[in-house]
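Our numbering puts the first residue of the sequence shown at 712, with every later residue one more than the last. Note that the Cβ used here is the ideal one computed from N, Cα and C, for glycine as well. Note that the structure is a prediction, hence the values are computed from the model and not measured. What follows is a single structure, written as structure tokens, with notes after it.
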Amino acid sequence: MKAKILSYLQVIIFLGGGLALVWWQLHGMTDEQTHQFKNAFADANYLLVIPVVIMNLLSHLSRSMRWKLLMEPLGYTPSTKNVFTATMVGYLANAAVPRLGEIIKCTLLAKYEKLHADNLIGTILIERTFDLLTYIIFIAFTVLIQLDVVGGYVMHQLSSIGAGSSTPIWVKLLIVASVIFITVFIIKKIFAAYPSNKFITKVKTFFSGIGKGFAAIKNLKDRRAFILHTIFIWTMYLLQIYLGFKAMEGTAHLGIKAACAVLSLSTLAMIITPGGIGSFPFFVMETLSIYGILKAQGNAFGWLIWGVSTAIVIVAGLVSIIVLPYINKKSHEIDTTHTGENL
């Protein structure tokens, strides 16, 4: 009962936070910003949205095929069409309730392919672990290729924090580092003193699962294909944003480096609120402000990309719900016939 209440509270808090961000962004604009926001949409080249849609679907297909590779060590060889449609239904569920989609897509695939859902959930944990590592690497890459822009922005923020204070910035940074070190030290001591605590056990299990995830990837039959799918997925994500820049006059001059920065922050936004509602446009707007883009234009671009991605998830997810029973009807009829013959 407590778990259900906490689950509902989590949904309400994160969804409510996302909706609050939507309200704040749209109602917090001045008349001039509202005018710029509307003009950005009015002048957009919507023909460029077509290849963005295609790349979005290709990234979902590639992700489905990569998930299928993780099932091979378990002896599972499900059809790609079932894996893809189950994945899209999962995305649709995630847009409403975080992590619900992972359970639903495993349950659906297990139902139509006659697999064990528990084993499939294990493959999801492995996939998410690898995604986290890839995300960290991508952030590091983004910072390295534009140290001048990111470094300048960070220094500006640090200067603003230190403004009006007689304490040097380096002293403040040293204090922060000391606090982090002491906190880590205390946490280690607590973990050692209470090894049987439920929360501590869960944390240890989580990090143990990450280690097992890496080990499982090492033992894949086709590691090369797994890596190539990962590169392709992130390339599609990046190109969607880059091409999206060209669709709007205010962002048309931005290059691939800015696209890397937007992807880094917008990925975080998708984690914070269900489907990135509210947080996605906000993070995009704040990121683009580093490159001198007006906040109204950056906000409009964020809403455009988020709107396209969300629309694809909704349409493809609903279509998949309808199509899944149909594409599996024939195999079900064959199974029924064989059962009847055996009788």
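Are residue i and residue j close, meaning C-beta to C-beta below 9 Å?
{"i": "Ser977", "j": "Ile1016", "result": "yes"}
{"i": "Leu803", "j": "Ser990", "result": "no"}
{"i": "Met782", "j": "Thr834", "result": "yes"}
{"i": "Asn767", "j": "Val1019", "result": "yes"}
{"i": "Gly987", "j": "Thr962", "result": "no"}
{"i": "Val764", "j": "Ile1033", "result": "no"}
{"i": "Ile850", "j": "Ser975", "result": "yes"}
{"i": "Ile893", "j": "Phe902", "result": "no"}
{"i": "Leu844", "j": "Pro789", "result": "no"}
{"i": "Glu838", "j": "Trp778", "result": "yes"}
{"i": "Val800", "j": "Ile814", "result": "no"}
Would you identify the three-state DSSP class for residue i, choosing helix, strand or coil?
{"i": "Arg810", "result": "coil"}
{"i": "Glu960", "result": "coil"}
{"i": "Lys792", "result": "helix"}
{"i": "His827", "result": "coil"}
{"i": "Leu950", "result": "helix"}
{"i": "Ser1031", "result": "helix"}
{"i": "Pro906", "result": "coil"}
{"i": "Gln857", "result": "coil"}
{"i": "Asn686", "result": "Because the chain here runs from 712 to 1054, residue 686 falls outside it and cannot be looked at."}
{"i": "Lys932", "result": "coil"}
{"i": "Tyr1037", "result": "helix"}
{"i": "Tyr787", "result": "coil"}
{"i": "Gly833", "result": "helix"}
{"i": "Ile1004", "result": "coil"}
Would you check whether the ligand MG has a heavy atom nearer than 8 Å to the C-beta of residue i?
{"i": "Lys822", "result": "This structure lacks the ligand MG, and indeed carries no ligand of any kind."}
Just to confirm the assignment, what range does the alpha helix (DSSP H) spanning residue i have?
{"i": "Ile983", "result": "967–983"}
{"i": "Leu999", "result": "990–1000"}
Leaving aside the five residues before and after residue i along the sequence, list all residues of the same chain whose C-beta is less than 6 Å from its C-beta, in chain order.
{"i": "Thr791", "result": "none"}
{"i": "Asn830", "result": "Leu785"}
{"i": "Lys749", "result": "none"}
{"i": "Leu931", "result": "Phe937"}
{"i": "Leu1035", "result": "Thr796"}
{"i": "Ala828", "result": "Cys817, Thr818, Ala821"}
{"i": "Ala1027", "result": "Met799"}
{"i": "Val973", "result": "Ile952, Val995, Thr998"}
Near residue i, what residues of its chain come up, given a Cβ to Cβ distance below 7 Å and the 5 sequence neighbours on each side ignored?
{"i": "Leu769", "result": "Met947"}
{"i": "Met996", "result": "Lys1006, Gly1009, Asn1010, Gly1013"}
{"i": "Tyr953", "result": "Ile967, Ala970"}
{"i": "Leu979", "result": "Phe994"}
{"i": "Pro992", "result": "Gln736, Asn1010, Gly1013, Trp1014, Trp1017"}
{"i": "Leu965", "result": "Phe956, Tyr1002"}
{"i": "Pro1060", "result": "Because the chain in this structure spans residues 712 to 1054, residue 1060 falls outside the shown range and cannot be described."}
Quick one: does residue i have its CB under 9 Å from some CB of chain C?
{"i": "Phe991", "result": "No chain C appears in this structure, which consists of one protein chain only."}
What does a CB cutoff of less than 8 Å around residue i pick up in its chain, not counting 5 residues either side in sequence?
{"i": "Arg774", "result": "Thr798, His940, Ile944"}
{"i": "Ile1038", "result": "Lys792, Asn793, Thr796"}
Quick test of the definition: if touching needs 3 or more C-beta pairs under 8 Å, does the segment 819–827 touch the segment 787–807? yes
Tell me whether the segment 954–970 and the segment 751–759 touch, counting them as touching only if at least three CB pairs, one residue from each stretch, are closer than 8 Å. yes
The segment 966–981 in contact with the segment 990–1010 per 3-pair CB rule at 8 Å: yes
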